[in-house]
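Below is one structure; the comments refer to it alone.
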Amino acid sequence: MPRLLCITAHPDDEAGAFGGALLRYAERGVETHVICLTEGTAATHRGGASSNQELAALRRDEFATSCNLLKVTQGTVLDYPDGGLDRQDFPTAVAELTRRVRELRPEVIITMGPEGAITAHPDHSMVSIFATMAFHWAGRSNRFVDQLKNGLIPHQTQKLYYGTALFTMPDRPPVSLPPTSATLELSQRELETKIAAFKCHTSQAPLFPFFEETVRKRGRLEVFHLAATVTPQKMETETDLFAGIAE
Ligand SMILES: [Zn+2]
């Protein structure tokens, strides 16, 4: 069974940024995994939670419900500080993701771009940097050697994609997006499921109208940038993130 690993910063990124891809590949028989680095406790919208602890529990539940709707095989929320990924210890964060890549052994990893996606969120930038280095270093026997003592072996993931967009948002800081190289055209059902998954994050309800309007207007295409591949090649336009993947 092929495996897809999606690495995100906040609960709701899996639906908002990657919902179409996660659903599509799950329904194609791909084992899908989401690793979300934070519990999203820096959110402005708190869904009635009276403490960070309460909000974390709420958002973990919402994430699980969203993953369920997107047919994600396994969704994991870690507890890095929301809004603080740029101040985390680099080797610690990369080592943790490298270990998970070596354990899960995906063929394809999807994450955000180092620009921070259309919202320009610094956490999105940092998840991109951490995930990118985990992609590259998981396959090398001279990186995080201590992980390789108990049977864990290096794993070279075949492709790395950044989620990207074909538009920017004028009310956000400027972003320079990675060019689109892969396009998934969502069916109506996939689009509706993506929106429904985003709406599982009920603590973030004030964001729903803007998200839904944007996705209905511009989100029929979920677009990606092929950032790295094990096969040296010229950039080609793709419509399948698993194109050319060797079993
Ligand atoms: Zn986010």
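Going by the working numbering, the first residue of the sequence shown is number -19, and it counts up by one from there.
Using N, Cα and C, we set each Cβ at its ideal position, and we do this for glycine too.
It should be emphasised that the depicted structure is a prediction, and the values quoted were computed from it without experimental measurement.
| Asked | Found |
| --- | --- |
| DSSP has Lys139 in a bridge; who is on the other side? | Val88, Thr209 |
| Figure out for me which residue from Glu202, Gln184, Ala162 has the closest Cα to the Cα of Lys174. | Glu202 |
| Mark Ala216 as exposed unless 16 or more other C-beta atoms lie within 10 angstroms of its C-beta, in which case mark it buried. | A small correction: the amino acid at residue 216 is Glu; Ala does not occupy that position in the sequence shown. Glu216 comes out exposed. |
| Going by CA-CA distance only, name the one from Lys139, Ala177, Glu19 that's closest to Val57. | Glu19 |
| When burial is assigned at 16 or more other CB atoms within 10 Å of the CB, is Leu77 buried or exposed? | buried |
| Check whether the stretch 0 to 11 touches the stretch 94 to 110, taking contact to mean three or more Cβ pairs, one atom from each stretch, closer than 8 Å. | no |
| What ranges does the alpha helix (DSSP H) occupy inside the stretch 96 to 130, keeping only unbroken runs of at least 4 residues that lie completely in it? | 102 to 117 |
| Which residues neighbour ligand 1 when neighbourhood means a C-beta less than 6 Å away from any of its non-hydrogen atoms? List them by chain order. | Ala(-11), His(-10), Asp(-7), His101, His104 |
| So, with DSSP's three-state summary, where would you put Ala177? | helix |
| Does DSSP put Glu83 in a helix, in a strand, or in coil? | helix |
| Does any residue of chain D bring its CB to less than 8 Å from the CB of Glu11? | Of the protein chains in the structure, only one exists, and it is not chain D. |
| Between which residues of its own chain and Phe70 is the CB-CB distance below 7 Å, once the five residues before and five after are set aside? | none |
| Three or more beta-carbon pairs under 8 Å between the stretch 112 to 131 and the stretch 20 to 35, yes or no? | no |
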